[in-house]
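> Sharing a structure here in structure tokens format.
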Amino acid sequence: FAVKLEGGAVMAERIKAMTSVGIPVMGHLGMTPQSVYALGGYKVQGKADDHASRLLDDARALEAAGAFAVVLEAVPAALAKKITQALSISTIGIGAGPHCDGQVLVLYDLLGLFDAFIPKFVKTYGRLKADTLQALSRYKEEVEQGKFPSDSESYH
């Protein structure tokens, strides 16, 4: 188990305090969901040179504070590669291109359970929302018509 903290250098003292007592901490930079409205919505982070430089500095600060890894979310692939090369700890990408040490994808997105908003970086591997809605509809219909449970689904 570990704690994941969103934010850059401003979180360094907190990370240092936690890791000093044996609590593993993973950092999270780029598009940070808990701060999405402060960032102006779900937008790619680090496109401008000054912001990219700040994200690199933040990643270094998280590593120096003792984080064991950093999630890079919705940052340009070239920046993710630069950050990955600059750190000795692992980077985990979500919408950060192929150059991170690992990848993560939200299960709801991967399975196609949520389709109201699909970020550019999401690849859907299934369409379970449609299947789920169809199954629930059939279940409701069969219960209402008295077809379920039938004798074969009942204990005797």
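Oh and the sequence shown: position 21 is 176 in my numbering, straight run, nothing missing. Where a beta carbon is used, it is the ideal one built from N, C-alpha and C, also for glycine. In this text, all values refer to a predicted model and were calculated from it rather than measured experimentally.
(1) So who's on the other strand from Ala224, going by DSSP bridges?
(2) Measuring CB to CB, does Leu101 end up less than 8 Å from Leu266?
(3) For Val158, report the span of its beta strand (DSSP E) as first-last.
(4) Specify the secondary structure class of Gln258 as computed by DSSP and reduced to three states.
(5) Relative to the alpha-carbon of Ile244, which residue among His183, Lys275, Pro274 and Glu299 has its alpha-carbon at the smallest distance?
(6) Shortest alpha-carbon distance to Phe269 belongs to which of Phe276, Lys275 and Arg282?
(7) At a cut of 8 Å, does the segment 167–181 reach the segment 197–210 through at least three beta carbon pairs?
(8) Does Gln300 pass the burial test, meaning 16 or more other C-beta atoms within 10 Å, or should it be called exposed?
(9) Counting along the chain, where does the alpha helix (DSSP H) carrying Asp286 start and finish?
(10) Taking 8 Å as the limit between beta carbons, can you name the residues of its chain near Tyr280, skipping five residues before and five after?
(11) Is it true that the CB of Val199 sits closer than 8 Å to the CB of Val112?
(12) By how many angstroms is the C-alpha of Gly185 removed from the C-alpha of Val277?
The structure says:
(1) Met181 and Ser245
(2) Nothing in the structure corresponds to residue 101, since the chain is present only between 156 and 311.
(3) Annotation for Val158: the continuous beta strand (DSSP E) segment containing it runs Val158 to Glu161.
(4) strand
(5) Of His183, Lys275, Pro274 and Glu299, the residue nearest in Cα terms is His183.
(6) Arg282
(7) no
(8) exposed
(9) Leu283 to Glu299
(10) Leu265, Leu266 and Gly267
(11) No statement about residue 112 is possible, as the shown extent of the chain runs from 156 to 311 and does not include it.
(12) Taking the straight line joining both Cα atoms gives about 16 Å.
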